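Colleague: Numbered according to the working numbering, the sequence shown spans residues 88 to 197. Ideal placement from N, C-alpha and C gives every residue a C-beta, glycine not left out. All figures in this text were calculated on a predicted structure; none of them were measured in a lab.
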Amino acid sequence: MSPDPTPAVSPPEGTASSEAPAQPAGLTRREHEMLAFERQWWRHAGAKETAIREQFGVPPTRYYQVLNALVDRPAALAADPLLVRRLRRLRTARRQRRSPHILGKGSSAL
Numbered sequence: 088m089s090p091d092p093t094p095a096v097s098p099p100e101g102t103a104s105s106e107a108p109a110q111p112a113g114l115t116r117r118e119h120e121m122l123a124f125e126r127q128w129w130r131h132a133g134a135k136e137t138a139i140r141e142q143f144g145v146p147p148t149r150y151y152q153v154l155n156a157l158v159d160r161p162a163a164l165a166a167d168p169l170l171v172r173r174l175r176r177l178r179t180a181r182r183q184r185r186s187p188h189i190l191g192k193g194s195s196a197l
């Protein structure tokens, strides 16, 4: 039997591979699971909060705290650029919708 032809290192960026992409250094298994969950959470029956508790064993608030920190990391961007950029855009949009209310804009405070 011949040795495994799979290289020990991941192929250079931009090369096509029929295998699953290599996991970038710097992300834990749990962080990869969180990214995978965000990619496909809608497939789970029931509310997202329930699925978060069942899969990760943490309250949704804590999950979102960890997720927000995760999407700011370069390793997460390298692992799934489309998803991380989408999550960043959604976060920015939520902040922009909330900020006028927090800052009191739109109401006459004088």
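What is the DSSP secondary structure of T148, counted as helix, strand or coil?
Modeller: For the purposes of this step, residue 148 is taken as the residue at position 61 of the sequence shown. The answer is helix: DSSP assigns T148 an H, G or I state.
Colleague: Could you give the residue range of the alpha helix (DSSP H) that holds A52?
Modeller: In the structure displayed, the chain extends from 88 to 197; residue 52 sits before or after that span and is not available.
Colleague: At which residues does the alpha helix (DSSP H) containing A123 begin and terminate?
Modeller: Stepping through the sequence shown from its first residue, residue 123 is reached at position 36. It spans R116 to Q127 - the alpha helix (DSSP H) in which A123 sits, taken as one unbroken run.
Colleague: Going by beta carbon distance, what residues of the same chain come within less than 8 Å of R182, once the five residues before and after it are set aside?
Modeller: Translated into the one-based positions of the sequence shown, residue 182 becomes position 95. Here the set comprises nothing.
Colleague: In whole angstroms, give me the CA-to-CA distance for E118 and A163.
Modeller: Counted from its first residue, the sequence shown places residue 118 at position 31. Counted from its first residue, the sequence shown places residue 163 at position 76. So the alpha carbons of these two residues sit roughly 8 Å apart.
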